[in-house]
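Accompanying notes for the structure given below.
Number of protein chains: 2
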Amino acid sequence: MPTPSSPDPAPEMEIVHLLRAVTVELGLHSARFANQNGMHPTDVRALIALMDARRAGEEMTAGRLGAVLGLNSAGTTALVDRLEQAGQVRRVRAERDRRRVVIEVEERAVELGQAFFGPLIERSVELLRAYDERQLAAIRGFLGGVREAAAEGRE
Amino acid sequence: MPTPSSPDPAPEMEIVHLLRAVTVELGLHSARFANQNGMHPTDVRALIALMDARRAGEEMTAGRLGAVLGLNSAGTTALVDRLEQAGQVRRVRAERDRRRVVIEVEERAVELGQAFFGPLIERSVELLRAYDERQLAAIRGFLGGVREAAAEGRE
DNA sequence: CCCTATTATCTCGCTCAGCAAGATACTCGT
DNA sequence: ACGAGTATCTTGCTGAGCGAGATAATAGGG
Numbered sequence: 001m002p003t004p005s006s007p008d009p010a011p012e013m014e015i016v017h018l019l020r021a022v023t024v025e026l027g028l029h030s031a032r033f034a035n036q037n038g039m040h041p042t043d044v045r046a047l048i049a050l051m052d053a054r055r056a057g058e059e060m061t062a063g064r065l066g067a068v069l070g071l072n073s074a075g076t077t078a079l080v081d082r083l084e085q086a087g088q089v090r091r092v093r094a095e096r097d098r099r100r101v102v103i104e105v106e107e108r109a110v111e112l113g114q115a116f117f118g119p120l121i122e123r124s125v126e127l128l129r130a131y132d133e134r135q136l137a138a139i140r141g142f143l144g145g146v147r148e149a150a151a152e153g154r155e
Numbered sequence: 001m002p003t004p005s006s007p008d009p010a011p012e013m014e015i016v017h018l019l020r021a022v023t024v025e026l027g028l029h030s031a032r033f034a035n036q037n038g039m040h041p042t043d044v045r046a047l048i049a050l051m052d053a054r055r056a057g058e059e060m061t062a063g064r065l066g067a068v069l070g071l072n073s074a075g076t077t078a079l080v081d082r083l084e085q086a087g088q089v090r091r092v093r094a095e096r097d098r099r100r101v102v103i104e105v106e107e108r109a110v111e112l113g114q115a116f117f118g119p120l121i122e123r124s125v126e127l128l129r130a131y132d133e134r135q136l137a138a139i140r141g142f143l144g145g146v147r148e149a150a151a152e153g154r155e
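So the sequences go chain by chain: P and R.
Here the first sequence is numbered in full-length UniProt numbering, starting from 1 and rising by one per residue.
Here the second sequence is numbered in full-length UniProt numbering, starting from 1 and rising by one per residue.
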């Protein structure tokens, strides 16, 4: 009898704990990337948000970036200052509305990120290739469902 | 043509991005828990580590906790001070080796955590119940594989 | 066309989490 | 019982992020 006092948890709990463990491990992985490049966790999150926006073809302004990261305006300015000084990002005043500052990632930062996260991403894609469409649908469904459940209650 | 300049990425990338999105969303979820209770992200991570240890039936000392969270000894002391003052944790000098300080979570913190994370966990278990054993094996395999890949290069 | 309300970013002063270095307290092998 | 080793705590400091408010640009009603 492994844990005699516990009320025999559902077998699904194993996967729930596994998902949590993965998020912890990915967080530590990002932290290593931050350390190696003299950055802070928030800087990494910012770069990820910026690259997501770029891939989606959307402009990322200082304000939107701060909102995504949960920073106020002062913190956002400091963050962009830091990233700009490190040469990972540049400020571009918007032509149309010159109050807005569009943040663009430098090619340098993109390459840095790919060099570090590339192997992990490749390994993940490899793992997925071993599964059939029904299994992939399950993975998609589970992850999407958890994301939705976690996103609930965001004001 | 959605993104004419991109080199047509593997369809598996969708799931990789989805996993990253889930980790971001879970991070924000934890941050909300921290905010609502006047805590900091590190405090939440500490409570999670403590409850994991408790479930595994292991003692968690100040030193081990600091190592898990990547804090040095000063930061660890400050962290435990904070949690103790908030009544979420108690210090217990070990009988055998009185240099060691075992950290135990107060029942109050466990209940707080279950009240907040319970619904999300329950929803996740529900999602999983919709899949057959072959699909669950795929989810386990993928998450476990990513965890292992991310854990590589941890000194 | 000006004047006001609104929006977007930045500046200033501060708080507090976490770090480096070292002090303190306890244990164990010889 | 003493010196090396281990676990935690103390001190002083750095810097990320916050609150409040300044600055700059736009949009709309008179």
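Where a beta carbon is used, it is the ideal one built from N, C-alpha and C, also for glycine.
It should be emphasised that the depicted structure is a prediction, and the values quoted were computed from it without experimental measurement.
Collapsed DSSP secondary structure at E106 (chain R) in the structure displayed
coil
If contacts are defined as beta-carbon pairs under 8 Å, then L103 (chain R) and L50 (chain R) qualify, I think. What distance do you get, rounded to the angstrom?
Note that residue 103 (chain R) is Ile in the sequence shown, not Leu. 6 Å between Cβ atoms; contact.
Beta-carbon proximity list for A151 (chain R), same chain, < 6 Å, skipping 5 on both sides:
none
Mapping DSSP to helix, strand and coil, what is R99 (chain R)?
coil
Residues of the region 99-110 of chain P with Cβ closer than 8 Å to any Cβ of chain R, in chain order
none
Kindly indicate which residue of P:R100, P:G27 and P:G141 has the alpha-carbon position closest to the one of residue 157 (chain R).
Beyond the ends of chain R as shown, which are 1 and 155, falls residue 157 (chain R); an answer cannot be given.
Would you list the residues sitting across from V16 (chain R) in a DSSP beta bridge?
Per DSSP, none; premise fails for V16 (chain R).
Determine, using beta carbons only, whether T23 (chain R) comes closer than 8 Å to chain P.
yes
What does the Cβ neighbour count give for Q114 (chain R), buried or exposed, with the cut at 16 atoms within 10 Å?
exposed
Given a cut-off of 8 Å, decide if V80 (chain P) and R91 (chain P) are closer than it, judged by their beta-carbon atoms.
yes
Using only the alpha-carbon positions, how far apart do G87 (chain P) and A109 (chain P) sit?
8 Å
Straight-line gap, R100 (chain R) to R100 (chain P) (C-alpha atoms, nearest Å)
55 Å
Supposed close pair L136 (chain R), I15 (chain P) - CB separation, criterion 8 Å:
7 Å
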